[in-house]
Amino acid sequence: MTQNLDLTDIQGNIIKAYGAYDFNKARYLFMRIDDADKGRKFVGSITTKVTSAVRWVNDAAKGVVKPLATTNIAFTYAGLKALELPRASLRGFPEEFSMGMRKRKDILGDDGPSDPENWDKIWQEKVHIWISINGQNIDAVIERYDWVLEQIQKSDGGVKLLTGHRGENGEEDLPYQDASILYDAAGNPTAKEHFGYTDGIGDPVFEGQTNIPGRVIGRGKLTEEGKWKPLATGEFILGHVDEAMEYPQTAPSPDLLSRNGTYMVYRKLHQNVGSFNRFLDEQSKIYPGSKEMLAAKFSGRWRDNGAPVVNAPDDESKKAWDAKFAEADFSGKKRMLTDFTFNQDIEGAKCPLSAHIRRINPRGSLEYGVKDAYDTPGALVNRRRILRRGLPYGAVKDPARDDGNHGIIFMALNADIKRQFEFVQQQWINYANDFREGNDKEVLLGNHDAERPGKVVLQVEPGSGKPPHFVSNIPRLVETRGGDYFFVPSITALKMIAGGIIDPT
Amino acid sequence: MATRSGNATALTVLSPIKHGTVGGTSYADIIRERCLRLPIHERSPLSKVPNTYLARLFILDDVFYESLPGNDSVFNFSDIFSFFSDQARRNALPKKDHLKSKYLVFSSNFYGDLDEYLAGMWDNWAYMDGGVQRDVRYIWEYCVAFDEVTDRDGFISYMKRCQLDASLFFNGSTDDSLQEQLKSLYLKQELTKFAVTYQGRSATEIQQAFRLFIERVQPENLSGPSWTPGQSAP
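Going down the list, the protein sequences come from chains A and B. The first sequence maps to residues 1 to 505 in this note's numbering. The second sequence maps to residues 1 to 234 in this note's numbering.
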């Protein structure tokens, strides 16, 4: 039997990247619970509007139609404690979740400007609840936001909306974090982020999702035969079997509390746009290729259309790729963006070993071309995948400056924060032993040191007679401005939390 | 026996610690405290002992008791017997054992000959503890029969008497002397800096700069410039 997911029980943000469903705007709210009883009632009222993962239909008579706004909710460990979950249930949560993101700073590399003491003020507060509203337009977001405020009001002091988000105009005390897709000069929606890259192309595909044959290429797991299969559900949703053919060990009891839930990493990542532009300009002066080609080498994809650099490694081949892309139909285009491995590029001559997409998803290349080095080519990769959600925030007012309030609200979903998100951040972004690149950090996200700026090597084809290219003086391009670890319960679990009837015995 | 792998040696020394106390603290705990106070990195006494790749000291309080795993094959008889009698299960368990004394364990992976290495320990082990200069005798002071050690030869034969053969030695280092390894690391780092600085320049310019570079880094000179043993930052 194939896996069927309880889509009506799973929160929608786990299965859907709302941005891909025309939800262009989002607002994130954080709350503190001051009274357990009132807090549980509040959770109950929010639950009535929580968006599930159910497939939307066009005809309301046949099912659920796409709403104008969605609502999702998640909790920190402190939040679950404040809601008086039984101690035996709390004990079942993994250590990194109960510690929270601040205390994991050494593992995450949140130092210097990314140190928690430099985060937005809200992160000095006791954050218990996260609520996200995604809207097809800002009015729909505001309408739902007002509704949430009403519920807070009704909690009669039981729940407090926390302030302290940095805003566009120098505000330091906003009660919410807004996010939005970016628009081009003509006002058309784009899939870009502030450095100009096309984002969110290759999210993992796992068992139970719909239309798998159409989406699994380049996004699932690589088999020995070179085919793609969906990853195990348990890598992303608790209560389901994972890639080790086990139930995730991170699930607290009772089963109904954890099943169909997952963990979410929320991070506000500020982008130093001025530094990025200066760095790219400076480095492209000494680079034997165009500026855009160098930018593509940093991320592994070309900025304009996301073309994978492994299939379009230089300016010349990019032209040919573009021509083919222009002629391809919708599914052909999707395939060109995701259907690739690094197996024909073990040295990293096309896609550098320190490029963003190669570091976060090496696609079986950690076998280093040794066929059957492991049971499966993805043996070192399949348990390190994360679902990425989130949107850009803020606007770049002056592309020559770093300050201001603009970046990405990064959200990662996984069944095991330590094994998946934290591992990728610590071992693959901020360290490179697995990539045989010493301690070179990933170009864009690495926590490069101002005192000892980073470097990476852009390799060349062995035997080509060309020298490798060194990219040096890499400044800190992305800084953490806040975040925490959250538990995203199923809708059943939300109802049980609200009812105060979680019983682990 | 695999105490040696190429030019590398795995040394394991177990020195029994005397029974007894000083001012209410056992000898074993005094040694443990002295070990915990050892300075690290460049100031570690081990950084002064020539050719030490990696070494450590700890106190072995007792041996661990390993019970039988619940199920180590398709089924195991003791489990089935235990259905009838717990005595049957207990009889099938391994005997419990204890050490007669606590041991100071010193284990080191180093380059070269054992006698030379131990002589190097006697001659060079030096550090400050609480403002007082200490040598290697300070750590071993309360080990059984160590009071008979009065000179370098005595130390070498003492350590060799306490030595355990390594049965499985994986050398996590290259087969070169420590000096050569440190020099290689230094050269690798300096060469990277050179490549970054001069990439894209003309062949003549690079050649000239390279000549100066070689003069500065002196690849053949192992004693310097180089990394120092125990160095913790570039």
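We treat Cβ as the ideally placed atom computed from N, Cα and C, and that holds for glycine.
Taking all protein chains shown into account, decide if residue i is buried (16 or more other Cβ within 10 angstroms of its Cβ) or exposed.
i: His240 of chain A; result: buried
i: His406 of chain A; result: buried
i: Met128 of chain B; result: exposed
i: Val370 of chain A; result: exposed
i: Gln283 of chain A; result: buried
i: His41 of chain B; result: exposed
i: Asp106 of chain A; result: exposed
i: Asn382 of chain A; result: buried
i: Asn58 of chain A; result: exposed
i: Arg201 of chain B; result: exposed
i: Gln425 of chain A; result: buried
i: Ile214 of chain B; result: exposed
i: His98 of chain B; result: exposed
i: Val132 of chain B; result: exposed
i: Asp139 of chain A; result: exposed
i: Pro219 of chain B; result: exposed
i: Asn305 of chain B; result: In the structure displayed, chain B extends from 1 to 234; residue 305 of chain B sits before or after that span and is not available.
i: Trp56 of chain A; result: exposed
i: Val63 of chain B; result: exposed
i: Ser490 of chain A; result: buried
i: Tyr103 of chain B; result: buried
i: Ser307 of chain A; result: Note that residue 307 of chain A corresponds to Ala in the displayed sequence, not to Ser. Burial call: buried.
i: Ser108 of chain B; result: buried
i: Lys41 of chain A; result: buried
i: Asn24 of chain A; result: buried
i: Phe210 of chain B; result: exposed
i: Arg104 of chain A; result: buried
i: Glu451 of chain A; result: exposed
Please list the partners that residue i has in chain A, where partner means a Cβ-to-Cβ separation under 9 angstroms.
i: Gly172 of chain B; result: Per Cβ cutoff of 9 angstroms: no residues; Gly172 of chain B is ~13 angstroms from chain A at best.
So which residues of chain A does residue i contact, with C-beta pairs closer than 8 angstroms?
i: Gln199 of chain B; result: Ile286, Pro467, His469 and Phe470
I need the DSSP call for residue i, collapsed to helix, strand or coil.
i: Val141 of chain A; result: helix
i: Ile502 of chain A; result: coil
i: Ile107 of chain A; result: helix
i: Phe195 of chain A; result: coil
i: Gln11 of chain A; result: strand
i: Gln231 of chain B; result: coil
i: Met1 of chain B; result: Residue placement at Met1 of chain B cannot be trusted, given a pLDDT of 48 that sits under 50; what the coordinates show is reported in the next sentence. Three-state DSSP puts Met1 of chain B in coil, outside helix and strand.
i: Tyr374 of chain A; result: coil
i: His41 of chain B; result: helix
i: Met496 of chain A; result: helix
i: Gln133 of chain B; result: strand
i: Ile237 of chain A; result: coil
i: Met245 of chain A; result: coil
i: Ile386 of chain A; result: coil
i: Met336 of chain A; result: helix
i: Tyr263 of chain A; result: strand
i: Pro308 of chain A; result: strand
i: Pro313 of chain A; result: coil
i: Ile214 of chain B; result: helix
i: Asn118 of chain A; result: helix
i: Gly465 of chain A; result: coil
i: Val13 of chain B; result: strand
i: Thr480 of chain A; result: strand
i: Arg268 of chain A; result: The identity of residue 268 of chain A in the sequence shown is Lys, whereas the question assumes Arg. Lys268 of chain A falls in the strand class under three-state DSSP.
Counting only Cβ pairs nearer than 8 angstroms, list the residues of chain B close to residue i.
i: Lys154 of chain A; result: Ordered by position in chain B, no residue passes the 8 angstroms Cβ test against Lys154 of chain A, which lies about 54 angstroms from the chain.
Name, please, each residue of chain B whose Cβ falls closer than 7 angstroms to the Cβ of residue i.
i: Lys455 of chain A; result: Val196
Would you grab the beta carbon distance between residue i and residue j for me? Rounded to a whole angstrom, and I think it's under 8 angstroms.
i: Tyr197 of chain A; j: Arg278 of chain A; result: Incorrect: roughly 17 angstroms between the Cβ atoms, too far for contact.
i: Ile409 of chain A; j: Ala179 of chain A; result: 5 angstroms
i: Leu83 of chain A; j: Gly44 of chain A; result: About 11 angstroms; that fails the 8 angstroms criterion.
i: Phe137 of chain A; j: Arg389 of chain A; result: Phe is not the amino acid found at residue 137 of chain A; the sequence shown has Asn there. With a Cβ gap of about 19 angstroms, Asn137 of chain A and Arg389 of chain A do not count as contacting.
i: Ile502 of chain A; j: Leu257 of chain A; result: 5 angstroms
i: His128 of chain A; j: Met31 of chain A; result: 6 angstroms
i: Pro362 of chain A; j: Leu222 of chain A; result: At roughly 10 angstroms, the Cβ-Cβ gap does not stay under 8 angstroms, so Pro362 of chain A and Leu222 of chain A are not in contact.
i: Leu413 of chain A; j: Ile386 of chain A; result: 7 angstroms
i: Asn305 of chain A; j: Phe325 of chain A; result: 7 angstroms
Does the beta carbon of residue i sit closer than 8 angstroms to a beta carbon anywhere in chain E?
i: Pro86 of chain A; result: This model lacks chain E altogether, as its protein chains are A and B.
When every heavy atom of the ligand ADP is checked, does at least one fall within less than 7 angstroms of the C-beta of residue i?
i: Val396 of chain A; result: The ligand ADP is absent from the structure shown, which contains no ligand whatsoever.
Open item on the list: Give the list of continuous beta strand (DSSP E) stretches no shorter than 3 residues that lie fully inside the segment 158-187 of chain A.
Closed with: List check, beta strand (DSSP E) in window: 159-161 and 177-180.
Task: Segments of 3+ residues assigned as beta strand (DSSP E) that fall wholly inside the segment 82-124 of chain B - done: 103-111
Task: Contiguous beta strand (DSSP E) assignments of at least 3 residues, all confined to the segment 25-82 of chain A - done: 25-33 and 69-75
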